[in-house]
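Here the structure is laid out as structure tokens; the discussion comes afterwards.
Protein chains: 2
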Amino acid sequence: MHISKKSCIFADKITNHQSPITNHMTPISKLGEFGLIRHLTQDLTNRQPSTVYAVGDDAAVLNHQGKRTLVTTDLLLEGIHFNLEYVPLRHLGYKAVAVNVSDICAMNATPTQITIGLGISARFSVEDIEEFYAGVRVACEHYNIDLVGGDTCASMNGLSIAITCLGVADDNDIVYRKGAKVGDLICVSGNLGSAYLGLQLLERELQVFRATQHGNLSKAEENNDAIHEKFEGREYLLERQLKPEARIDIVEALRKAGIKPTAMMDVSDGLSSELFHICTQSGVGCDIYEDKLPIDYQAAALAEEMNLNIVTCALNGGEDYELLFTCDIHDYEKLVPIDDIYIIGHITPAEYAPVDVENGSSAAAKEAQQPVNLRLIPRNGNPIPLTAQGWNAFV
Amino acid sequence: MHISKKSCIFADKITNHQSPITNHMTPISKLGEFGLIRHLTQDLTNRQPSTVYAVGDDAAVLNHQGKRTLVTTDLLLEGIHFNLEYVPLRHLGYKAVAVNVSDICAMNATPTQITIGLGISARFSVEDIEEFYAGVRVACEHYNIDLVGGDTCASMNGLSIAITCLGVADDNDIVYRKGAKVGDLICVSGNLGSAYLGLQLLERELQVFRATQHGNLSKAEENNDAIHEKFEGREYLLERQLKPEARIDIVEALRKAGIKPTAMMDVSDGLSSELFHICTQSGVGCDIYEDKLPIDYQAAALAEEMNLNIVTCALNGGEDYELLFTCDIHDYEKLVPIDDIYIIGHITPAEYAPVDVENGSSAAAKEAQQPVNLRLIPRNGNPIPLTAQGWNAFV
């Protein structure tokens with residue numbers, strides 16, 4: 132990511148919004164569906180030996196002989212998951228790949244291939260989609276994966292992105308959410324809350340920008356300088372929001388150190404929400420220590436400025452795409468030398484709320500029941516229960 | 132499919148449109164994302180031995196040991212690929228699975244697993260999504276495949292469906308588009324144009340319905356009886372449009388007969404368009420005989436009534452999801468006894484238009500260049516060139 136590009140984000144979008152198809156822009160109808168696909172995929176190179184046949188037929192063909200195949204799908208919809216007023220299409224392409232790769236990493240597996248489904252509304256040009264694909268290519272290169280297929284079609288409204296990522300692993304290397312045991316250490320990579328604060332910053336500046344602009348380009352450019360200043364010293368937060376990374380490096384570091392986590396997830400909805408998944412599926416509780424939560428100083432400073440509680444941001448802000456994992460206490464010595472991993476707590480025996488015998492038939496109720504003792508231990512004071520505020524998309 | 136349900140299609144939709152969340156409807160926010168997923172997937176049963184771990188973690192785990200894995204993705208967007216004014220959600224769920232299974236069949240492979248990404252706008256209730264999933268389950272049962280994962284989220288507008296289908300095959304069983312040889316027979320299963328005419332019928336009756344209804348329910352019910360009459364004797368066309376089948380039976384029949392096609396595709400965009408893909412990728416031409424095109428009598432009758440050329444419908448109407456394949460002339464004897472397969476022509480040597488030396492550097496131009504001798508041989512008269520009218524989504 133080129134930091135210098137960031138200050139232009141808004142100016143870019145002004146041009147795009149006022150005239151989606153300028154002199155330099157090619158309407159997609161000129162190429163048609165097949166022409167567009169050929170144009171976008173003509174010089175793809177395959178990196179994975181397991182890629183037998185990629186783009187150009189009804190299905191891709193893969194050779195995952197002797198290994199488990201892993202598969203995950205994510206849908207990214209304009210207006211819900213991203214706002215093109217401040218997300219450059221190239222970054223969006225990168226992020227769309229990264230968040231899927233992250234799911235494969237969270238299984239302790241190696242990502243190998245992706246497919247992309249793209250629904251494109253009339254306001255996008257061939258050049259726009261090229262930008263998106265440029266980001267996809269950079270991500271494929273960075274994560275050493277192959278783009279092997281997909282579907283490109285028109286959409287009524289906005290941009291719809293569906294990405295499926297495949298991966299491989301030996302059966303006994305795979306880490307599920309359900310394996311956490313009492314006494315295990317709870318660890319997280321990188322830091323928490325930065326992506327959320329990056330989003331708050333972008334949203335705030337967008338509101339300011341909207342309020343002051345009058346559709347006047349030179350005015351908007353002046354404005355852009357002001358926004359540039361607002362972003363200075365916050366580049367890291369923007370990067371965390373606009374170009375998150377899947378922590379494939381952490382998976383590799385753990386493997387090299389001889390550590391197999393007992394449970395693992397990526398932090399997409401927020402730490403609390405992910406802890407609930409691990410504890411519910413493993414049938415355990417947990418204690419998390421406030422003073423152990425890794426927080427970046429830019430995030431702390433912006434939270435202060437925006438009157439947000441930084442601990443709440445770290446617990447419930449989503450999209451960090453860091454790895455949350457538990458591992459056996461005996462791995463402690465091997466864990467400590469690994470860079471960028473933080474021990475934030477430990478697994479405790481589960482406690483459940485009493486089952487309502489009238490309404491809940493035992494098996495189903497138990498299955499859906501969450502342990503009640505997921506606790507945050509503050510710096511000074513009594514443990515407080517964690518709540519999975521996460522992201523309810525449907526409210 | 133219950134034919135008796137069809138006449139209720141419009142009446143159903145009136146109720147849905149006037150009050151998307153009635154007394155009986157549960158808002159999705161009540162369950163939340165994870166609640167909805169649990170609700171929809173709690174009693175899924177796995178049918179495939181290769182399904183190691185399905186829904187409930189970051190990725191599904193599959194064991195395709197010693198086989199090639201195949202993967203295909205399709206995006207289905209409301210307003211582009213389907214109109215919920217006449218497509219019941221249960222049928223849509225079935226069709227969304229079938230069209231992906233069809234892509235795996237078209238590679239001469241066995242479909243094994245699917246993932247579903249669902250973007251749901253606020254006008255849908257839990258019951259609506261249950262209906263969609265009911266169709267998905269029936270399809271999974273029918274095609275003997277497992278639903279192993281997905282993503283469920285909110286959308287700004289309408290329903291977005293992304294389905295990925297995985298399959299397996301031995302390496303030397305896989306059939307690509309690129310293998311057709313001069314002299315090969317060109318075959319198609321079932322019949323052509325019926326799905327397109329089913330769509331024309333639904334669209335016509337929708338227009339009539341819209342024109343005569345005044346938001347009055349009893350009036351609409353009267354109307355519904357009239358529509359019921361219009362659909363009588365056309366049930367097959369509606370079924371072809373609303374509940375297409377992937378021709379997994381044809382793949383099995385060919386295997387049983389010891390026939391491996393030299394090239395194969397499914398007919399989704401239209402016969403002409405698919406022939407262009409096979410001929411371009413195989414570097415061949417073709418002759419197709421008008422009097423050999425398999426056409427259903429309901430399709431022929433409706434085309435007559437609507438003043439449509441039935442041959443044009445058969446050549447360019449999409450969504451039949453029949454299999455188009457080429458096979459060696461020596462397989463003729465084995466081919467004839469198989470039910471529901473029709474020989475419609477044969478492969479000829481390719482002829483190309485002269486390359487413009489000024490503009491086209493040979494390799495790229497040649498690669499993108501299509502043979503010019505794809506021909507339709509009419510009942511009486513001279514061969515006429517086929518044109519890939521197909522479906523350009525971007526016009």
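Which chain is which? The protein sequence lines are A and B, in order. For the first sequence, this note's numbering gives the first residue as 132, with consecutive numbering after it. For the second sequence, this note's numbering gives the first residue as 132, with consecutive numbering after it. C-beta: ideal position from N, C-alpha, C; glycine also.
Contact of A/A237 with chain B is assigned, a C-beta pair being separated by under 7 angstroms.
The three-state reading of DSSP puts B/N511 in coil, since its state is none of H, G, I, E or B. One finds M287 and N288 in chain B with Cβ atoms closer than 7 angstroms to the Cβ of A/N288, taken in chain order. In this structure B/V202 does not touch A/G298 by the C-beta definition: roughly 12 angstroms separates them, more than the 8 angstroms allowed. If you compare the alpha carbons of B/I159, B/G324 and B/D188 with that of B/I441, the shortest gap goes to B/G324. For B/M396, the chain A residues whose Cβ falls inside 9 angstroms of its Cβ are D188 and D189, in order along the chain. The region 454 to 464 of chain A makes contact with the region 380 to 395 of chain A; the number of CB pairs closer than 8 angstroms reaches 3 or more.
Its chain contains V186 as the residues whose beta carbon lies nearer than 6 angstroms to that of B/T172, once the 5 sequence neighbours on both sides are disregarded; these appear in chain order. In the DSSP assignment, B/M396 forms a beta bridge with B/L455.
By the Cβ neighbour-count rule, B/P502 is buried, with 16 or more other Cβ atoms within 10 Å of its own. Cα atoms of B/V415 and B/K161: separation of roughly 58 angstroms, rounded to the nearest angstrom.
Not a single C-beta of chain A is nearer than 7 angstroms to the C-beta of B/Y428.
Not flagged as an interface residue toward chain A: B/Q179, since no C-beta distance is shorter than 7 angstroms. In the assembly as shown, B/D427 is a buried residue. Its beta-carbon has 16 or more other beta-carbons within 10 Å.
Under the Cβ criterion of 7 angstroms, B/H195 is counted among the residues facing chain A. Spatial neighbours of B/L223 in its own chain (CB-CB distance under 7 angstroms, excluding positions within 5 residues in sequence) are listed in chain order as F213, F263 and G266.
B/Y463 counts as exposed, since fewer than 16 other C-beta atoms from the protein chains shown sit within 10 angstroms of its C-beta. Distance from the CA atom of B/E258 to the CA atom of A/T283, rounded to whole angstroms, is 30 angstroms. Buried is the label assigned to A/Q179, since at least 16 other Cβ atoms lie within 10 Å of its Cβ. Around B/H408, the same chain offers R308 and M396 as residues with beta carbons nearer than 7 angstroms, after the five sequence neighbours per side are excluded.
For B/P485, the closest C-alpha among the options B/H477, B/Q429, B/Q500 and B/C318 is that of B/Q500.
With respect to the 7 angstroms criterion, B/T200 and A/L278 are not classified as neighbours on the basis of their beta carbons.
Residue contact check for B/A293 against chain A: a CB pair falls below 7 angstroms. Cβ neighbours of A/L505 within its own chain (closer than 7 angstroms, five residues either side excluded): L406, F407, C410, G416, C417, P516 and L517. The C-beta separation of B/S291 from A/S399 comes to about 19 angstroms, leaving the pair out of contact by the 8 angstroms criterion. Runs of the beta strand (DSSP E) spanning 3 or more residues and lying entirely within the region 233 to 321 of chain B occur at 241 to 251, 277 to 285, 291 to 300 and 316 to 320, in chain order. For the alpha helix (DSSP H) assignment, the uninterrupted runs of no fewer than 4 residues enclosed by the region 372 to 451 of chain A are, from N- to C-terminal side, 379 to 388, 402 to 413, 428 to 436 and 441 to 447. Residue-level contact by beta carbon fails for A/T343 and chain B, as no gap is shorter than 7 angstroms. At a cut-off of 7 angstroms between C-beta atoms, A/G210 counts as an interface residue with respect to chain B. For B/G476, the enclosing beta strand (DSSP E) stretches over residues I472 to P480. When DSSP states are grouped into helix, strand and coil, A/N177 belongs to the coil group. Per the coordinates, the alpha-carbon of A/K423 lies some 28 angstroms from the alpha-carbon of A/D304.
Beyond the five residues adjoining it in sequence on each side, A/I168 comes within less than 7 angstroms, by CB distance, of T283 in the same chain, given in chain order. Under the Cβ criterion of 7 angstroms, A/D451 is not counted among the residues facing chain B.
Listed along chain A, the residues sitting closer than 8 angstroms to B/C284 by beta-carbon distance are L206, L208, I211, H212 and A524.
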